[in-house]
Amino acid sequence: MSLLPWQVTMAEFTQKAAEVSAVGACCAFVVDPSIPQAARGGYASLVMAYSRADEPVCVLDDGAALVLVRDGGIASGKALAERVLAQMRRLALELTLTAGVALIGGDPAAAVTAARAAATSVAPGQIGTQG
Numbered sequence: 009m010s011l012l013p014w015q016v017t018m019a020e021f022t023q024k025a026a027e028v029s030a031v032g033a034c035c036a037f038v039v040d041p042s043i044p045q046a047a048r049g050g051y052a053s054l055v056m057a058y059s060r061a062d063e064p065v066c067v068l069d070d071g072a073a074l075v076l077v078r079d080g081g082i083a084s085g086k087a088l089a090e091r092v093l094a095q096m097r098r099l100a101l102e103l104t105l106t107a108g109v110a111l112i113g114g115d116p117a118a119a120v121t122a123a124r125a126a127a128t129s130v131a132p133g134q135i136g137t138q139g
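The sequence shown runs 9 to 139 under the working numbering.
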């Protein structure tokens, strides 16, 4: 998958997250484990397509996608997740994905962990929040 201008590596994501205010958020989109690994890249591509160009996206090895929301905290992160899930619903794919949102605070690595934990704590098609 070629790098789009807003697709970043994990190191770049962490650096950009450290540069946002404390009210930035990390949005994690986790693909259901029943989806074959080979198909998960397509989900990450859809998340990128439904994200805004100023929202950096990091695609992880397991097919999960992280999106950096620069301001607006949990509310803005939830709005992003709702936007992505609404688009996935149009493709009848929303029940194969969960979303989690966590505040960046001062620790981007902890925010990534918290957002992933929030995503895995909810039912398919739902949004979990932490922070």
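Beta carbons are placed, not taken as given, at the ideal position from N, Cα and C, and that holds for glycine.
Cβ neighbour criterion (16 or more within 10 Å) applied to residue i
| i | result |
| --- | --- |
| A19 | exposed |
| R97 | exposed |
| T17 | exposed |
| G85 | buried |
| R91 | exposed |
Closest Cα partner of residue i within the set the options
| i | options | result |
| --- | --- | --- |
| V130 | R78, V39, G80, G32 | V39 |
| L93 | Y58, G114, G113 | Y58 |
| L99 | A107, A119, G50 | G50 |
| A118 | A47, S53, Q138, A87 | Q138 |
| Q23 | I82, D115, D69 | D115 |
| S53 | Q45, G71, S42, I43 | G71 |
| R60 | A89, R48, G81 | A89 |
DSSP beta-bridge partners of residue i
| i | result |
| --- | --- |
| V130 | Paired residues: none, contrary to the question. |
| G136 | G108 |
| A36 | L74, G108 |
| Q23 | Looking at the DSSP assignment, Q23 forms no beta bridge with any residue, so it has no partner. |
Touching by the beta-carbon criterion (3+ pairs, under 8 angstroms), the stretch 98 to 106 and the stretch 58 to 67: no
Fully enclosed by the stretch 43 to 106, which alpha helix (DSSP H) runs are 4 residues long or longer? 45 to 58, 81 to 98
Three or more C-beta pairs below 8 angstroms linking the stretch 69 to 81 and the stretch 18 to 35: yes
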